[in-house]
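Undergrad: Residue numbers (this note's numbering), protein chains in the order written: chain A, 25 to 326; chain B, 120 to 431. Before I ask anything, here is the structure I am working with.
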């Protein structure tokens, strides 16, 4: 049996009295795509910094690719790639020059490998394009190429598709799944719920604690305390006031042109319709809603 | 090349109109035509009744513009930046000064008037950008991907401000409304045109226009756009996913398969859901795969975006 690519045991980091990461435990296996979701300040970055050996744990241990993340951080970093939105790409260099430069940082001089990387991220034919003229989607492919040029076994992605349009985002994720199929393990940190939806398993961080880690489908089934409804009503403000007064309604929110509500399990559409009668709300439609990771997150945050 | 080709837009007071489309679809060019930064080869643009090319000054005085790469002077203070934008737009001190504190309060920067713009956080810079765009009391706001690269909490705040502007334009005190005769009560709210790559933002707009290859190929409310794909999106869970994906692709009525972590979303042809639902499970089983669940799910704007992107 393969040992886990990431094994985190009671990992804790304190800064003075502040516990940034509080006794977390999880493991990630080879070829998995795992999301690490939480708001800013929840401890995501501190965890990643410990996994990369940039920060010493106050307690507990992280083993990455079989190495102690802190004591053997050189070995870990030589075998890991890291891609961040804030990653520096040199605007006045071409695509190829950027890739060659970063390859050099890892000691990669092999032209064939750089060509292979360009091909993998779909940038062949764009070698001599100046980076500043690339669109958001293409820049992000270049950033991925830079993270992959030394052929890492483990890839850390930090909000890899923020600001990218849905078609480019989708192409990006197809690439990530292909890498995972070839045995690369991927850990994605993000505060975008819709980005986390692409992961096979998702861990949810809040105030330094790992509150849950499971597949998106299981999280939605197990953690949301009821059923989700989409309520199309006019005016929205009146609906927003009337719904919370109904027995069994747990939560109401605005969702663009309609309202989204979570009720205790077992409520029916008719119950909601009846309860909204005589409340100065013109209900156009009530439909069963799809639970999202945002619902999971809010349910856990209570 | 036609960067923007025969596009017609009609945006009403009090409306938030979202312009979406892939990179290079023509969103930014459209906005640049609207602000008069580019001249159209054919067709015309009217802002509050003024022709942008013939009555440029009047038209320009009606809108505020915030672009993706808006420039602030980093070594000027918050107040100095606003003053600069106001004076460029021809406002005198007795016009911009009284309203600017109110605008700063509106965007939540009233405590930072003397701070250098270079020392503001990303979210605060963006609010200053919005404040600068609001100093002329525009009736039309043109926002070109204003939230790209901004964290979600700030995006949320920014949207609250935009929604407030649209629904209660007189949030700012009415005595400011006499300046230049603009922004009077009873005229309805500000009209907002916003381009965005985020579908959750698009779904907050009253109407959404989808651009592709310079053309506006669809325009409707978010609900009506989603309704176009009703009963055409199926969710499939099971294992192994790559086999599921392969088998689904083989089905003649399947138009598209998208992987989502632990599941697939399958788009089927119009009226084909029942057929696919009834045969896909057994096809997967005979190929050696396992199906945990296969069911129709409500479409989201992202599905619509991808379907429209692929359309001819």
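Virtual Cβ for every residue (Gly too), placed ideally from N, Cα, C.
1. Note down the Cα distance separating residue 295/A from residue 224/B, rounded to an integer number of angstroms.
2. Can you list, in chain order, the residues of the segment 125–146 of chain B whose Cβ is nearer than 7 Å to any Cβ on chain A?
3. Using Cβ-Cβ distances below 8 Å, what residues of the segment 183–208 of chain A are close to chain B?
4. So which residues on chain A does residue 352/B lean against when the C-beta distance must stay under 7 Å?
5. Please check the pair residue 260/B and residue 309/B, which I expect to be a contact at CB under 8 Å, by giving their CB distance rounded to whole angstroms.
6. Any beta carbon from chain B within less than 7 Å of residue 314/A's own beta carbon?
7. Pick out whichever of 325/A, 40/A, 63/A has its Cα sitting closest to the Cα of residue 214/A.
8. Which residues, in order along the segment 49–80 of chain A, keep a beta-carbon less than 8 Å from a beta-carbon of chain B?
9. Just checking: is the beta-carbon of residue 221/A within a distance shorter than 7 Å of some beta-carbon in chain B?
10. Would you report the Cα separation of residue 124/B and residue 190/B, rounded to the nearest angstrom?
11. Which whole-angstrom value describes the C-beta separation of residue 327/A and residue 141/B, a residue pair presumed to lie in contact below a C-beta threshold of 8 Å?
12. Distance check for residue 339/B and residue 380/B, CA to CA, integer angstroms please.
13. Between which residues of its own chain and residue 388/B is the CB-CB distance below 7 Å, once the five residues before and five after are set aside?
14. Given residue 152/A, which residues of its chain have a CB within under 6 Å of its CB, disregarding the five upstream and five downstream residues?
15. Considering just the uninterrupted stretch of the alpha helix (DSSP H) at residue 321/B, what are its terminal residues?
16. Between which two residues does the beta strand (DSSP E) harbouring residue 382/B extend?
17. For the segment 159–172 of chain A, enumerate the residues whose C-beta is nearer than 7 Å to any C-beta of chain B, in chain order.
18. Below 8 Å on the Cβ atoms is my guess for residue 209/B versus residue 333/B; work out the distance and round it to an integer in Å.
19. According to the neighbour-count rule (16 or more other Cβ atoms, all chains shown, within 10 Å of its Cβ), is residue 277/B buried or exposed?
20. Please report whether the beta-carbon of residue 163/B lies at a distance below 7 Å from any beta-carbon of chain A.
21. Please determine, among 205/A, 186/A, 199/A, the residue with the shortest C-alpha to C-alpha distance to residue 24/A.
22. With a threshold of 7 Å between beta carbons, is residue 282/B in contact with chain A?
23. Determine whether the beta carbon atoms of residue 180/A and residue 106/A lie at a separation below 7 Å.
24. If you draw a straight line from the alpha carbon of residue 335/B to that of residue 417/B, how long is it in whole angstroms?
25. Answer with buried or exposed for residue 302/B, where buried requires no fewer than 16 other C-beta atoms within 10 angstroms of its C-beta.
26. Could you please tell me which residues of the segment 419–431 of chain B, in chain order, have their CB closer than 7 Å to any CB of chain A?
27. Is residue 239/A close to chain B, meaning its C-beta is less than 7 Å from at least one C-beta of that chain?
28. Could you check whether the Cβ of residue 224/A sits closer than 7 Å to any Cβ belonging to chain B?
29. State the Cα-Cα distance for the pair residue 233/A and residue 46/A, rounded to the nearest angstrom.
30. With a CB to CB cut of under 7 Å and the five nearest residues on each side skipped, what residues in its chain are close to residue 121/B?
31. Where residue 103/A and residue 125/A are concerned, what is the direct C-alpha to C-alpha distance, given to the nearest angstrom?
32. Determine the direct distance from the alpha carbon of residue 319/A to that of residue 395/B, and round the result to whole angstroms.
33. Return the CA-CA distance between residue 156/B and residue 348/B, expressed in angstroms with no decimal places.
34. I need the DSSP call for residue 158/A, collapsed to helix, strand or coil.
35. Do you know how far the Cα of residue 307/A is from the Cα of residue 290/B?
36. Between the C-alpha atoms of residue 300/B and residue 171/B, what's the straight-line distance to the nearest angstrom?
TA: Reading off the structure:
1. 44 Å
2. 141, 142, 143
3. 186, 187, 188, 189, 190, 191, 192, 194, 197, 198, 201, 205
4. Going along chain A, no residue has its Cβ under 7 Å from residue 352/B, so there is no contact; the nearest lies around 10 Å.
5. 6 Å
6. yes
7. 63/A
8. 57, 59, 63, 64
9. yes
10. 29 Å
11. The structure shown does not extend to residue 327/A, since chain A spans only 25 to 326, so no value can be given for it.
12. 30 Å
13. 372, 374
14. 118
15. 318–321
16. 382–387
17. 159, 160, 161
18. Wrong, their Cβ atoms sit about 34 Å apart, outside the cutoff.
19. buried
20. no
21. The question about residue 24/A has no answer here: the residues shown for chain A are numbered 25 through 326.
22. no
23. yes
24. 25 Å
25. Residue placement at residue 302/B is flagged as unreliable, the pLDDT there being 37, under the threshold of 50; the coordinate-derived value follows with that caveat. Its Cβ being crowded by 16 or more others within 10 Å, residue 302/B is buried.
26. 421, 424, 425, 428
27. yes
28. yes
29. 5 Å
30. 333
31. 18 Å
32. 30 Å
33. 37 Å
34. coil
35. Summary for residue 290/B: the model assigns pLDDT 42, below 50, so the residue's position carries little reliability; its value from the coordinates is reported in the next sentence. For residue 290/B and residue 307/A, the distance between alpha carbons rounds to 29 Å.
36. Bear in mind that a pLDDT of 33 at residue 300/B, under 50, signals an unreliable position, so the number given afterwards is only what the model happens to contain. In a straight line, the C-alpha of residue 300/B is about 19 Å away from that of residue 171/B.
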